[in-house]
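Single-structure report; data block below.
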Amino acid sequence: MILHVDMDAFYASVEQRDRPELRGRPVIVGGTPEGRGVVAAASYEARQFGIHSAMPAITARRLCPQAVCLPVRMRHYAAISAQIREIFQRYTPTIEPLSLDEAFLDVAGTEKLFGSACDVARQIQTTIREELNLAASVGVAPNKFVAKIASDLRKPQGFVYVPPDGVAAFLEPLGIERLWGVGKVSQQVLHKLGVRTIGQLRQMDVSILRDHFGKQGDHLWDLAHGRDERRVVPDHLAKSISHETTFAQDVGDFDVLRACLLDLTEQVARRLRRQKLSGRTIQLKIRFANFRTITRANTLPVPTNVTQTLWETAAELLASNLSAATPPVRLLGMGVSGFDNRGPQQGSLFADKDTERHSRLDVVRDAIREKFGESALGRGARLTDQENASGGPSE
1 MILHVDMDAF YASVEQRDRP ELRGRPVIVG GTPEGRGVVA AASYEARQFG IHSAMPAITA
61 RRLCPQAVCL PVRMRHYAAI SAQIREIFQR YTPTIEPLSL DEAFLDVAGT EKLFGSACDV
121 ARQIQTTIRE ELNLAASVGV APNKFVAKIA SDLRKPQGFV YVPPDGVAAF LEPLGIERLW
181 GVGKVSQQVL HKLGVRTIGQ LRQMDVSILR DHFGKQGDHL WDLAHGRDER RVVPDHLAKS
241 ISHETTFAQD VGDFDVLRAC LLDLTEQVAR RLRRQKLSGR TIQLKIRFAN FRTITRANTL
301 PVPTNVTQTL WETAAELLAS NLSAATPPVR LLGMGVSGFD NRGPQQGSLF ADKDTERHSR
361 LDVVRDAIRE KFGESALGRG ARLTDQENAS GGPSE
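Structure representation (structure tokens):
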């Protein structure tokens, strides 16, 4: 059994926790009171007005003028995310983080210590609430795909268990938009075919799906049948480390996308250094509003985990693959692979002094943050000119 733990309205909930006078009020994280920038997160009270992440702040202010607008405190959220990760580690070492606010856990082999998978899930949910005063929703299921859907069904503070023999019945009534990879365009195609639920999709001939979606048709077919063979892979065993975010609404603003990519890059870089990994290949993933997905990569001459180097490469990939003619973006992801960790390597006689300096700064930053918390140290404007506009991970 796999657990998917997803924090509820994470950024906004942290702000309401830290400032009790905001509880019960609509809170927007990101943007400015004047309506500049974009929404990074919205409390459940704000969501009732139709506000969601990646929405222009000016639109959010128009929908809910009485909402409280707060700046993004990404390092503070990352510090709390580390506390959540520590709670996970009390129960299992097999943790695959997806973003600051969600992760997959494999609890196989822990039954004698902590009970069943459901027992562990309940303990984790309770511990997060009691120790951090935050709410998490948990899905427990035989695989990642079903566990992730389960965690999203009864937010906030949801708990959904799907037994191995109940997967088909669980998926049957759910809308096709629950399937990974089904966006607005795919929904329209399936609706024209008379398909609105996962159960209806499961009854289709797979050849029809292939005709309309190509290889993606087989993927949809497998998901509709509840099939997902992927294992939970901790960072230190992974062949690649990546983060991606799906926007609640398609984003066409290049500055917003660049800011989001910066946040993704910093998260990936920290995970690389934490696991003492360095990679040669930097990959960018973009899924457009028309469902077309592209992946672009650049392989460096030497492996690295230096944030600045990763960011410069990722930003170049983004700029070279977006133009005024490209559709808005639905999903953005960044990853690193091609790990090479044979220990210290011979340095170049003409090594880039800037890279060496940034590497030393990363080490110092990481050490300070580990000891004093994420908010103890900021990053210079050269790298983070767009940081406060970041939409961050989806919630």
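Take the sequence shown: its letters are residues 1 to 395, numbered as in the UniProt record's numbering. Ideal placement from N, C-alpha and C gives every residue a C-beta, glycine not left out. Remember, it's a predicted structure, so these values are computed and weren't measured experimentally.
Per DSSP, the continuous alpha helix (DSSP H) segment holding M74 begins and ends at M74 to Q89.
Sequence-distant partners of P173 (beyond 5 residues in either direction) whose C-beta falls short of 7 Å from its own C-beta, in its chain, are T197 and G199.
Between V38 and A57 the beta-carbon gap is near 6 Å, inside 8 Å, which marks them as a contact. Look at D340 here: in three-state DSSP terms it is coil, with no helix or strand label. Between the C-alpha atoms of G50 and I208 there is a straight-line separation of about 36 Å. For D6, the enclosing beta strand (DSSP E) begins and ends at I2 to M7. In this structure, the beta-carbon distance from R287 to R330 falls below 8 Å. Fewer than three beta-carbon pairs drawn from the region 41-50 and the region 135-145 are found closer than 8 Å, and the two stretches are therefore not classed as touching. Counting along the chain, the unbroken beta strand (DSSP E) around G139 starts and ends at A136 to A141. In terms of Cβ geometry, A67 and I28 form a close pair [threshold 8 Å]. Bounds of the beta strand (DSSP E) holding Q283 are G279 to F288.
Within the region 150-207, the complete beta strand (DSSP E) runs of at least 3 residues fall at 159-161. Nearest in C-alpha terms to M74, of all of F339, L264 and L171, is L264. In the displayed model, V120 falls within a helix according to three-state DSSP. Linking A238 to S278 through their CA atoms gives a straight-line distance of about 12 Å. In the three-state DSSP reduction, A41 falls in the strand class (E or B). Distance between M204 and E229, taken at the CA atoms: about 22 Å. Among the bridge pairs identified by DSSP, D253 is matched with none.
Here K148 is buried. Its C-beta has 16 or more other C-beta atoms within 10 Å. Nearest to A259 by C-alpha distance, out of V72, S43 and P20, is V72. I282 places its beta carbon less than 8 Å from that of V336. Relative to the Cα of V233, the nearest Cα in the group S242, E96 and T326 belongs to E96. Taking F104 as reference, the option from M7, L190, V195 and Y11 with the minimal CA-CA separation is M7. DSSP, reduced to helix, strand and coil, places E244 within a strand of the structure shown. For I28, the beta-bridge partners assigned by DSSP are A42 and C69. Cβ atoms of S242 and G333 come within 8 Å of each other, at about 6 Å. Between the alpha carbons of V306 and N298 lies a gap of roughly 15 Å. Pairing A117 with L3 gives a Cβ-Cβ distance under 8 Å.
By the neighbour-count criterion, in which 16 or more other beta carbons inside 10 Å mark a residue as buried, T126 falls on the exposed side.
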